[in-house]
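Engineer: Heads up, the sequence shown is in my numbering, so the first residue is 1235 and it goes up one at a time. For glycine and all other residues, C-beta sits at the position ideal for the given N, C-alpha and C.
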Amino acid sequence: TGVLRIAPAATAAITNTVYLARHLSNAGTLVWQSGTIVLTNVAGTDAHLDNHATFEIRDGSNAYAPCCTAHPTITNRPGATITKTTAGVSTLGSGGSELINDGTIEIGSASTLSVGNVFTQGATGRLDLSLAGTTGGTTHGRLLVPGVATLDGTIASTAAGGFEPSDGDEFLVLDAGSLSGTFATVD
C-alpha cells in the first residue's frame, strides 16, 4: 500500500502481469518487456507511475499500464526518458489516464505509443520521432491520444534507415481527439 521504488543504477524488468498498490517510482531503469503493470488505488489516492530516469517499452502488443478503476497518472519528469522503439502498438494508460511529459519521449520508426486518454507536454517536454518513411506506425513513429493533447515544449524528428524526406512529404505523428496549444520548438 506504499511506494515501489526502483533505485538509481538499478534495473527492473517486467515480463508478466505485476500488481502494485498505489505508486511506482522509477529512478533507475524500468524495462517493460511484456505483460501488464496494474496499479490500484488505495484509500482514495489515484495510482501513479512516476518516471525520473529511463522507462523502456519493448512490448509490441496491446498492453496496458497502469490499469485501474480511477484516473491514473503517468509522469515523465524533466531529464527522464520514455522509449518505445520496438515495432507495433503499446498502450500506456487506461481509459481515464493522463500522460504528463516534462522529459523526453522517443518513438521509433515502426512504433506507435498510445496514451490511455490525455497527453500533456510541458515546456521542458520533448517528443522525438524516428522517420523511415511516410506511413505512421509502420515507417515512422506515432503518438495516439484518444482525448485532449495539450502541447508545449519541443517536437523533433530524426531520419532513420537511410530515409530522406522529400518536399511535400507529410507525416501524421500525433493523432489526437482534440488539440490545445502548440509545440514551442520544432527540431
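Taking the beta strand (DSSP E) that Ser1328 belongs to, which residues open and close that run?
Structural biologist: No beta strand (DSSP E) contains Ser1328, which DSSP labels as neither H nor E.
Engineer: DSSP three-state label for Asp1409, please.
Structural biologist: Looking at Asp1409 - three-state DSSP - the assignment turns out to be strand.
Engineer: So Thr1325 and Gly1350 are supposed to be a Cβ contact under 8 Å. How far apart are they, rounded?
Structural biologist: Going by Cβ atoms, the distance from Thr1325 to Gly1350 rounds to 7 Å, so yes, they are a contact pair.
Engineer: Which class does Arg1376 belong to by DSSP, given the choice of helix, strand or coil?
Structural biologist: Looking at Arg1376 - three-state DSSP - the assignment turns out to be strand.
Engineer: For a quick check, are the C-beta atoms of Pro1306 and His1282 less than 8 Å apart?
Structural biologist: Contact: yes.
Engineer: On the three-state DSSP scale, how would you describe Asn1310?
Structural biologist: Strand at Asn1310.
Engineer: Which value, in whole angstroms, describes the spacing of the CA atoms of Leu1258 and Leu1385?
Structural biologist: So the alpha carbons of these two residues sit roughly 25 Å apart.
Engineer: For Asn1422, count neighbouring Cβ atoms within 10 angstroms of its own Cβ and tell me buried if that reaches 16, exposed if not.
Structural biologist: Here the chain has residues from 1235 to 1421 only, and residue 1422 is not among them.
Engineer: Excluding the five sequence neighbours on either side, which residues of its own chain have a C-beta within less than 8 Å of the C-beta of Asp1421, listed in chain order?
Structural biologist: Answer for Asp1421: Thr1388, Ile1389, Ala1390 and Ser1391, listed in chain order.
Engineer: Using three-state DSSP, classify Glu1398 as helix, strand or coil.
Structural biologist: The answer is coil: DSSP assigns Glu1398 none of H, G, I, E or B.
Engineer: In whole angstroms, what is the alpha-carbon distance linking Thr1320 and Gly1370?
Structural biologist: Going by the C-alpha atoms only, they are around 14 Å apart.
Engineer: Would DSSP call Gln1355 helix, strand or coil?
Structural biologist: Three-state result, Gln1355: strand.
Engineer: Going by the CB atoms, is the gap between Ile1271 and Asn1310 shorter than 8 Å?
Structural biologist: In this structure, Ile1271 does not lie closer than 8 Å to Asn1310 by Cβ.
Engineer: Please return the same chain residues whose Cβ sits closer than 6 Å to the Cβ of Gln1355, not counting the five positions on each side in sequence.
Structural biologist: Excluding residues within five positions, the ones whose Cβ falls inside 6 Å are Asn1335, Leu1385, Asp1386 and Gly1387.
Engineer: Which of the three DSSP states, helix, strand or coil, is assigned to Asn1250?
Structural biologist: Looking at Asn1250 - three-state DSSP - the assignment turns out to be coil, as it is neither helix nor strand.
Engineer: Would DSSP call Glu1340 helix, strand or coil?
Structural biologist: In this structure, Glu1340 counts as strand in the three-state DSSP scheme.
Engineer: From the DSSP output, in three-state form, read off Ser1391 for me.
Structural biologist: Strand, per DSSP.
Engineer: Counting C-beta neighbours from all protein chains within 10 Å, is the total for Ala1357 16 or more, i.e. buried, or is it exposed?
Structural biologist: That one is exposed.
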